[in-house]
Structures are given as structure tokens and as C-alpha cells.
Amino acid sequence: MTEPYGATPLDPDETRGLRFGHIETRAELDRMEQANIQDGMVWLGRQRGPEVLSEGFVRELHRRLFGRVWTWAGTFRLNEKNIGVAPEQIAVRLRNLLDDCRFWIDHETWTPTELALRFHHRLVWIHLFPNGNGRHARILADALLVHELGARPISWGGNGLLADSEHRDAYIGALRAADAGDYGPLLRLFRDDSR
Ligand SMILES: Nc1ncnc2c1ncn2[C@@H]1O[C@H](COP(=O)(O)OP(=O)(O)OP(=O)(O)O)[C@@H](O)[C@H]1O
Ligand SMILES: [Mg+2]
Numbered sequence: 000m001t002e003p004y005g006a007t008p009l010d011p012d013e014t015r016g017l018r019f020g021h022i023e024t025r026a027e028l029d030r031m032e033q034a035n036i037q038d039g040m041v042w043l044g045r046q047r048g049p050e051v052l053s054e055g056f057v058r059e060l061h062r063r064l065f066g067r068v069w070t071w072a073g074t075f076r077l078n079e080k081n082i083g084v085a086p087e088q089i090a091v092r093l094r095n096l097l098d099d100c101r102f103w104i105d106h107e108t109w110t111p112t113e114l115a116l117r118f119h120h121r122l123v124w125i126h127l128f129p130n131g132n133g134r135h136a137r138i139l140a141d142a143l144l145v146h147e148l149g150a151r152p153i154s155w156g157g158n159g160l161l162a163d164s165e166h167r168d169a170y171i172g173a174l175r176a177a178d179a180g181d182y183g184p185l186l187r188l189f190r191d192d193s194r
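Under numbering that gives the first Met the number 0, think of the first position of the sequence shown as 0, with each following residue one higher.
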């Protein structure tokens with residue numbers, strides 16, 4: 000299977016977690032995952048006052064988005080990837096991020112959009128799960144905006160981010176700039192002009 004630019008390849012033991020034996024192409028897998036994500040979004044839409052900044056919610060959301068496709072959905076990654084912290088560091092780094100985020104909210108350190116984008120970047124940088132990190136972290140950043148900040152979700156650009164496209168290249172490029180501490184490109188790409 001060819002992965003889109005900036006996607007994380009799966010290890011063989013992760014591929015074995017596929018709940019369907021008959022998926023052969025990337026397009027089929029994308030469709031199965033997309034259907035699962037729709038269900039997960041329905042679940043998310045029903046939540047009233049969820050505790051977004053908790054490990055439990057972060058993992059439960061991933062399970063709801065990917066659990067019909069992957070047995071390991073909602074469980075932290077056990078393998079090293081070309082991106083992300085060492086597997087044994089995941090839980091503590093997430094804890095730190097959730098604490099930092101709570102501090103940013105309490106002290107209004109950033110505007111809601113910048114706060115959500117910084118949260119999104121730190122989350123994909125940790126790379127909690129074997130796969131689905133980008134999609135999960137975009138939906139989670141939006142849940143943070145809606146439920147914790149009373150703000151509108153980010154316009155990520157819909158399908159433009161899923162497949163190879165100029166927009167996806169710009170998104171991955173902006174995350175790499177953020178890896179080096181420069182959040183400018185990410186903010187410019189997803190700036191909410193109506194604010
Ligand atoms: N250099 C980087 N720094 C931070 N995050 C990155 C970097 N490169 C890629 N990413 C993130 O990792 C995601 C890919 O990880 P993964 O394949 O687990 O997510 P996905 O949801 O399956 O993919 P996608 O986001 O393409 O739908 C990218 O979407 C992006 O959010
Ligand atoms: Mg992927």
C-alpha cells in the first residue's frame with residue numbers, strides 16, 4: 000500500500016490488527032476507516048461536557064473513530080516510528096501536554112485557534128497510536144475548541160488533507176516548522192479570518 004506523504008507506515012503486528020481480512024488496497028482501507036470515523040463523529044456529537052483534556056477521553060475518541068477497523072484502536076503504540084517519542088514515553092508526555100493545555104486555557108496564553116493548533120501539533124508529535132494520529136488529533140483539537148474554549152472548530156480543509164495535495168504538503172510542511180519551534184506557518188495556514 001502506498002501511503003500519502005507524511006503518513007506513518009504500519010508495522011506487521013499492527014497490520015494484523017485489521018478486523019477485516021479482505022482489504023487489499025489503500026482506497027478500500029480509507030473507505031472503511033472513513034465510515035468508522037463517521038460513526039465516531041456521531042458519538043462525539045452526542046457527548047455533553049466531555050472531559051476532553053483527560054487520557055481516558057483521548058483514548059476513547061480514538062477507539063470510537065477506528066475501533067471497528069483496528070483491534071488496537073484506543074491503545075498506545077508499542078513500536079518506534081520515524082516520528083514520535085519512544086513508546087514508553089507516550090503516557091507521560093501526554094500527561095504533560097494535557098497539563099500544559101489546561102494551564103494555557105486558565106491563563107489565556109494563546110487565542111483559542113492558536114491554542115488548538117499548538118495542542119494539535121504536540122499531540123501528533125507524540126504520536127500516540129500506531130495509525131490515525133493525524134485524523135484523531137484534528138478532531139480532538141476541534142473538540143477542545145468547542146467544549147473547552149466555546150469556539151468554532153478549525154477549517155482543516157476537508158478531504159484536501161486526506162489525499163496527496165498541495166494543501167496536505169503545506170500542512171505537513173507547517174508541522175515540520177512547528178517541530179523546529181516555528182508555529183507561524185501552521186497559524187497562517189489555518190488562521191480563522193473571521194476572528
Ligand atoms: N514532522 C511532523 N511533525 C508533527 N506531526 C507530523 C509530522 N509529519 C506528519 N505528522 C502528523 O502525522 C500524521 C500522520 O500520522 P498517521 O498516519 O498516524 O495519521 P493518519 O490519521 O492515519 O493520517 P492522516 O493525517 O494522513 O489522515 C499527519 O497527518 C500529521 O498530522
Ligand atoms: Mg495513516
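Using N, Cα and C, we set each Cβ at its ideal position, and we do this for glycine too.
| Asked | Found |
| --- | --- |
| Spatial neighbours of residue 171 within its chain, please: CB distance less than 7 angstroms, with the 5 preceding and 5 following residues excluded, ordered by chain position. | 4 and 5 |
| Taking any heavy atom of ligand 2 as the mark, which residues have a C-beta closer than 6 angstroms to it, listed down the chain? | 6, 7 and 130 |
| Alpha carbon to alpha carbon, what distance is there between residue 175 and residue 115? | 17 angstroms |
| Using DSSP with H/G/I as helix, E/B as strand and the rest coil, what is residue 161? | coil |
| Excluding the five sequence neighbours on either side, which residues of its own chain have a C-beta within less than 6 angstroms of the C-beta of residue 177, listed in chain order? | 120 and 185 |
| Can you determine whether any heavy atom of ligand 1 sits closer than 7 angstroms to the C-beta of residue 133, and answer yes or no? | yes |
| Going along the chain, which unbroken runs of the alpha helix (DSSP H) with 4 or more residues stay wholly within the segment 112 to 172? | 132 to 146 |
| Suppose the cutoff is 6 angstroms on Cβ atoms and the five residues either side in sequence are ignored; what does the same chain contact list for residue 86 look like? | 76 and 77 |
| For residue 77, which of helix, strand or coil comes out of DSSP? | coil |
| Between the segment 35 to 55 and the segment 92 to 110, can you find at least three pairs of beta-carbon atoms closer than 8 angstroms? | yes |
| Compute the minimum distance between the beta carbon of residue 3 and the heavy atoms of ligand 1, and state whether it is under 7 angstroms. | yes |
| Can you grab the Cα-Cα spacing for the pair residue 193 / residue 23, in whole Å? | Because the pLDDT at residue 193 is just 47, under 50, the model does not fix this residue reliably, and the value given afterwards should be weighed accordingly. The alpha-carbon atoms of residue 193 and residue 23 are separated by roughly 43 angstroms. |
| Starting from the C-beta of residue 141, find all residues in its chain whose C-beta is less than 7 angstroms away, skip the five residues before and the five after it, and write them out in chain order. | 152 and 153 |
| Report back the beta-carbon spacing between residue 40 and residue 68 to the nearest angstrom; my notes put them in contact at under 8 angstroms. | With 8 angstroms as the limit, residue 40 and residue 68 do not qualify as a contact, their Cβ atoms being about 15 angstroms apart. |
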